[in-house]
Amino acid sequence: MNIILEDGSTADSTKASGKPARLNIGDQSLSPALEAQIINLVAGDKHTFTLEAKDAFGESNPDAIHHMDRSRFPADMKLEPGVIVSFAGPGGSEIPGIVRETLGDSITVDLNHPLAGRKVTFELDVVKVITE
Numbered sequence: 024m025n026i027i028l029e030d031g032s033t034a035d036s037t038k039a040s041g042k043p044a045r046l047n048i049g050d051q052s053l054s055p056a057l058e059a060q061i062i063n064l065v066a067g068d069k070h071t072f073t074l075e076a077k078d079a080f081g082e083s084n085p086d087a088i089h090h091m092d093r094s095r096f097p098a099d100m101k102l103e104p105g106v107i108v109s110f111a112g113p114g115g116s117e118i119p120g121i122v123r124e125t126l127g128d129s130i131t132v133d134l135n136h137p138l139a140g141r142k143v144t145f146e147l148d149v150v151k152v153i154t155e
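Residue numbers (this note's numbering): 24 to 155.
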């Protein structure tokens, strides 16, 4: 699977890693629009489609952007725009955040999905379909 941005650059590629992605239909992990695109695919299918931000990774939520004091981070942590930081989430989960800006002791961290707010194209090669 490749995820392509509007400028033609590749945001993610399972082909590069050699490990296929597993997409689970019906468990609420995928948007209804994404599920509708893949629900009838079978092994061997190749399918390319584009989804608007709201149907792919969601719109960027301004409430997920936080301004934090540098003291909340380890003293030796390099904090600069683009650095991904992990935060403890509910139930022991980890929530990744991207440092967007550093101004003195104020660090701006964006907890939105990195592709939130972006229209993306999916290029899929179906390797296997598992039904349960």
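Virtual Cβ for every residue (Gly too), placed ideally from N, Cα, C.
- Rounded to the nearest angstrom, the Cβ distance from Val122 to Gly105 is 7 angstroms, consistent with a contact under 8 angstroms.
- Across the structure, Asp128 and Val149 are spaced so that their CA atoms are roughly 47 angstroms apart.
- Residue ranges of uninterrupted alpha helix (DSSP H) with 4 or more members, entirely inside the region 50-91 and ordered along the chain, are 55-61.
- Contact annotation: Lys151 and Ala56 have beta-carbon atoms that are not nearer than 8 angstroms.
- Only residues of its own chain outside the window of five on either side were considered, and among them Lys142, Val143, Thr144 and Phe145 have a CB closer than 8 angstroms to the CB of Thr73, listed in chain order.
- For Ile62, the CB contacts under 8 angstroms within the same chain, skipping 5 residues up- and downstream, are Ile48 in chain order.
- Judged by their CB atoms, Asn25 and Ser40 are not nearer to each other than the 8 angstroms cut-off.
- DSSP places Thr154 outside both helix and strand once states are collapsed to three, so it counts as coil.
- When the five nearest sequence neighbours on each side are left out, the beta carbons in the same chain lying within less than 7 angstroms of the beta carbon of Asn135 are those of Ser83, Asn84 and Ala87, in order along the chain.
- 8 angstroms or more divides the Cβ of Leu53 from the Cβ of Leu64.
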